[in-house]
Amino acid sequence: MADGQVNLAVFSVAPYMHAQVEIWTKEFPSVKLIDAVLGPSTAALASGCNVVCAFVNDVVSAEVLDILAELGVKAIAMRCAGFDRVDLKKASELGIVVLRVPAYSPYAVAEHAVTLMMALNRQIVKAAVHARMLNYDLSGLVGFDMHGKTVGVVGSGKIGRCTAAILIGMGCKVLTFDPYENQEAKDMGMVYVSLDELLTQSSIITLHCPLMPSTKHIINAETIAKMKPGVMLINTSRGGLVDTAAVIDALDSRQIGALGTDVYESEGGLFFSNPSAHTDDTPGASLPREFNKELSALVGHPNVIVTPHMAFLTQDALVNIAKTTVLNLTEFAKGGPYTNLVKA
1366 MADGQVNLAV FSVAPYMHAQ VEIWTKEFPS VKLIDAVLGP STAALASGCN
1416 VVCAFVNDVV SAEVLDILAE LGVKAIAMRC AGFDRVDLKK ASELGIVVLR
1466 VPAYSPYAVA EHAVTLMMAL NRQIVKAAVH ARMLNYDLSG LVGFDMHGKT
1516 VGVVGSGKIG RCTAAILIGM GCKVLTFDPY ENQEAKDMGM VYVSLDELLT
1566 QSSIITLHCP LMPSTKHIIN AETIAKMKPG VMLINTSRGG LVDTAAVIDA
1616 LDSRQIGALG TDVYESEGGL FFSNPSAHTD DTPGASLPRE FNKELSALVG
1666 HPNVIVTPHM AFLTQDALVN IAKTTVLNLT EFAKGGPYTN LVKA
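In this text, residue positions in the sequence shown follow the working numbering: the first is 1366, and each later residue adds one.
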């Protein structure tokens, strides 16, 4: 980079980001805060900036990259681990560097995954609602001991291993499937098996793998049919790992006994917003449950907990994301080399 200066445009800015914004404004002379989600209609808001900081649901398509390149943008700094919405080939063609935050807090996501397991198992949501209604009957609130249960962890990366550590501490047997075996995972007691073995043997299955062509809809009608009847499914990774229609059918037939998900395949435009705040005279306004029939079916199901892509949302993780982004952009200002470069 010739001038060594970072002029930063941050898209999808939210109130919870105040600590991050404070860190960035101290480090960089020019920080433009943009509430809007990055997309073809909003990309021009990055005018005057040479770096765009984007989040998980921002659209960094070929069309968007063309617009950004015309504005003089030279780098995309993803403030998340995932980059499935970035057209890496196009970015490379345009000479735009793509950077990311590969590991901001694996503990945050792992703890959220186990929280979903426990809340579903022990009927915490139902019990809390009943208590607020002065109903202290125990009917329908029976759970099971986690100790001794077999849990399948799909993906043995940092988050998968952190999740497994919690589960092993609870006395669970942890199976894992990952094309790339990890010695640390083996040493801590995770047992590598085939995907079919994991599906057939696990009482709980939790997803901790990236979304790629090879993992898209890894949970589908065929793989669900191989699972134990009444299995619990947890997804804190990417919505596209799951065929939502197939999961809804399996919930209705009770092949899947419970679902905890922090992500949804069509969450763009829904998560990180408050559709319930819309009024009748708001353009595009509608009742929250009308935004998407599949999401409505999940939210309304008695054995499902949906959280709004918040597994990462701890103060520790937010600070780590901000600091790693500073590292990435400092390296960009120096022209590299890059610690967290995403290659096409």
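Ideal Cβ placement from N, Cα and C applies to all residues, glycine included.
- In this structure, N1600 sits near T1626, with a CB-CB distance shorter than 8 Å.
- With three or more CB-CB distances shorter than 8 Å, the segment 1451–1471 counts as touching the segment 1431–1442.
- Taking a cut-off of 8 Å on C-beta distances, the segment 1424–1433 does not touch the segment 1387–1398, as fewer than three cross pairs fall below it.
- According to the DSSP secondary-structure assignment, N1600 is paired through a beta bridge with L1572, T1626.
- Residue state for K1581 is assigned as coil, using DSSP reduced to three classes.
- Non-local beta-carbon contacts of Q1385 in its own chain, meaning distances under 6 Å to residues more than five positions away in sequence, involve L1683, A1687 in chain order.
- C-alpha of K1538 to C-alpha of V1494: approximately 32 Å in a straight line.
- Between V1474 and F1677, the C-beta gap is smaller than 8 Å, which places the two residues in contact.
- According to the DSSP assignment, T1695 belongs to the alpha helix (DSSP H) that extends over 1680–1698.
- Excluding five sequence positions before and after Y1472, the CB atoms of its chain that fall closer than 6 Å to its own CB belong to C1527, given in chain order.
- Using a Cβ distance threshold of 8 Å, V1371 and L1694 count as a contacting pair.
- In the structure shown, Y1472 falls within a helical segment according to DSSP collapsed to helix, strand and coil.
- Within the same chain, Cβ atoms closer than 6 Å to the Cβ of V1519 are found at F1542, L1572, C1574, the five residues on either side in sequence being excluded.
- For A1409 and M1577, the gap between their C-alpha atoms comes out near 29 Å.
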